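Novice:
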DNA sequence: GCATTCCATTCACCTATGTTAATGGATCTT
DNA sequence: AAGATCCATTAACATAGGTGAATGGAATGC
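Residue numbers (our numbering), protein chains in the order written: chain A, 49 to 240; chain B, 49 to 240.
1) Residue 175 of chain A versus chain B: which residues are under 7 Å apart at the beta carbon?
2) Cβ of residue 96 of chain A less than 8 Å from any chain B Cβ?
3) Are residue 241 of chain B and residue 152 of chain B close, meaning C-beta to C-beta below 8 Å?
4) Are there three or more Cβ pairs, one per stretch, closer than 8 Å when the segment 84–94 of chain B is compared with the segment 155–163 of chain B?
5) First and last residue of the alpha helix (DSSP H) that includes residue 186 of chain B?
6) Relative to chain B, which residues along the segment 179–205 of chain A have a C-beta separation below 7 Å, given in chain order?
7) Taking the alpha helix (DSSP H) that residue 220 of chain B falls in, what are its first and last residues?
8) Closest to residue 28 of chain A by CA distance: which of A/74, A/88, A/122, A/75 is it?
9) So, for residue 49 of chain B: in the same chain, excluding its five sequence neighbours on each side, which residues have a beta-carbon less than 8 Å away from its beta-carbon?
10) Anything in chain B within Cβ reach of residue 117 of chain A, meaning under 7 Å, just list it in chain order.
11) Out of B/94, B/59, B/92, B/110, which has the shortest C-alpha to C-alpha gap to residue 194 of chain A?
12) Can you tell me whether residue 171 of chain B is buried or exposed? The criterion is at least 16 other CB atoms within 10 Å of its CB, across all chains shown.
13) By the three-class DSSP mapping on this structure, what secondary structure does residue 211 of chain A have?
14) Count the other CB atoms, across all protein chains shown, that sit within 10 Å of the CB of residue 133 of chain B; report buried if there are 16 or more and exposed otherwise.
15) Identify, in the order they occur along the chain, each residue of the same chain with its Cβ nearer than 7 Å to the Cβ of residue 62 of chain A, setting aside the five sequence neighbours on each side.
16) When you check each C-beta in the segment 218–239 of chain A against every C-beta of chain B, which residues fall closer than 7 Å?
17) By Cβ distance, which residues of its chain are closer than 6 Å to residue 126 of chain B, with the 5 residues on each side in sequence left out?
18) Helix, strand or coil, according to DSSP, for residue 160 of chain A in the structure here?
19) Can you tell me the Cβ-Cβ gap for residue 154 of chain B and residue 76 of chain B, rounded? I've got them flagged as a contact below 8 Å.
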């Protein structure tokens with residue numbers, strides 16, 4: 049087994065004997081990215097589902113005024129791609145960018161079809177994984193509705209304390225839906 | 049076949065012969081709710097996945113100040129429940145309430161396990177359905193980040209023109225993350 | 001090693017949306 | 001049908017967070 053982090057991700061959700069796992073593993077494409085490299089750029093048609101074997105990536109989308117909005121921040125042990133573009137074949141609206149040196153394991157469409165057909169338990173794995181992401185995203189909306197900027201900041205660093213050191217503050221601000229100046233103001237107020 | 053709306057929902061995503069569909073249909077529990085009845089109340093453990101065969105429901109969640117936040121509005125042909133509570137067995141944090149007379153088709157855990165085991169294509173159907181909901185929810189976050197209150201309002205009534213007649217305005221305001229007074233102000237400004 | 005770019009911070013000022021309160025029409029209750 | 005409740009609307013005022021501009025330190029490029 050080459051990628052225990054991936055195997056553990058499967059085992060957390062489904063009962064997966066080693067053999068089908070190894071069958072999958074052999075079909076994955078490994079990809080390494082340096083700091084601040086793009087995995088996905090707006091307009092591309094996405095041909096792979098990327099699993100972050102090690103590293104950290106940020107997903108943002110450009111609005112009509114040319115401003116970036118960070119929608120997702122994901123790291124080691126999670127998937128981050130564009131399911132919509134991957135499954136529909138239409139161009140993506142997202143930009144996904146590393147902020148740490150990152151190692152990815154990428155599954156193409158052919159492999160996805162093969163393993164879910166051969167071993168339906170993989171379909172179940174993806175159903176559960178996407179479900180978890182969906183539940184988290186609903187929670188993100190609730191936070192945007194119910195918490196002040198300061199409360200959202202505190203909630204985020206409570207859940208992911210290392211984030212302040214891992215990525216620039218302006219990305220954290222964007223993820224929280226505030227401006228970097230506001231994040232500075234909040235951090236200053238909290239010092240007292 | 050008793051519920052063509054449900055069958056069409058399956059056919060839109062998967063290739064499903066009639067027989068396994070009928071097998072499922074016979075196991076569903078039909079439930080009718082009047083206007084303004086609760087399907088789900090905070091604290092309950094959710095035992096069913098509900099499909100809206102006809103009607104409209106709103107999902108909201110209470111914050112620490114006792115304020116409601118509408119997170120989802122769904123209608124005929126869609127599912128709306130709490131996947132988290134259903135699959136984890138933990139109490140739900142949501143409140144789901146009809147705003148039109150509504151007919152639901154409810155699937156319990158036993159049936160879910162049975163049909164996905166017996167016919168893996170159902171697992172695929174739920175994977176795709178949850179994936180669509182997830183993609184929509186990500187888009188909802190992008191709108192909250194990138195659009196003004198007025199733009200969010202215009203976007204919503206462009207997509208669902210009938211909504212203004214179907215549910216009270218204060219629910220639309222909550223879904224847009226603004227106060228009813230602000231929605232009134234926006235609507236007034238738009239008259240000119 | 002110097003120049004350049006990037007980024008966090010601060011401050012003064014601005015604005016979109018929230019808040020509070022009042023009004024009147026519509027809808028429910030008895 | 002009268003009374004009560006709910007809800008949309010308006011207006012005056014309040015505020016969280018945005019905007020624009022300036023500063024200095026850190027990281028990057030040559």
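Ideal Cβ positions, reconstructed from N, Cα and C, are used throughout, including at glycine.
These numbers come from a predicted model, not from an experiment.
Specialist: On the basis of the coordinates in this document:
1) 171, 174, 175, 178
2) no
3) There is no way to answer for residue 241 of chain B, as the model of chain B reaches only from 49 to 240.
4) Flag = no, the segment 84–94 of chain B and the segment 155–163 of chain B do not touch.
5) 169–194
6) 179, 181, 182, 183, 185, 186, 188, 189, 190, 192, 193, 194
7) For residue 220 of chain B, the enclosing alpha helix (DSSP H) stretches over residues 217–223.
8) Shown here, chain A extends from 49 to 240; a query on residue 28 of chain A therefore has no answer.
9) 55, 66, 69, 70, 73
10) 190, 193, 194
11) B/110
12) Its Cβ being crowded by 16 or more others within 10 Å, residue 171 of chain B is buried.
13) helix
14) buried
15) Setting aside the 5 residues that flank it on each side, residue 62 of chain A is surrounded in the same chain by 169, 172, 173, each with a C-beta closer than 7 Å to its C-beta; the list follows chain order.
16) Result list: 225.
17) 100
18) helix
19) 6 Å
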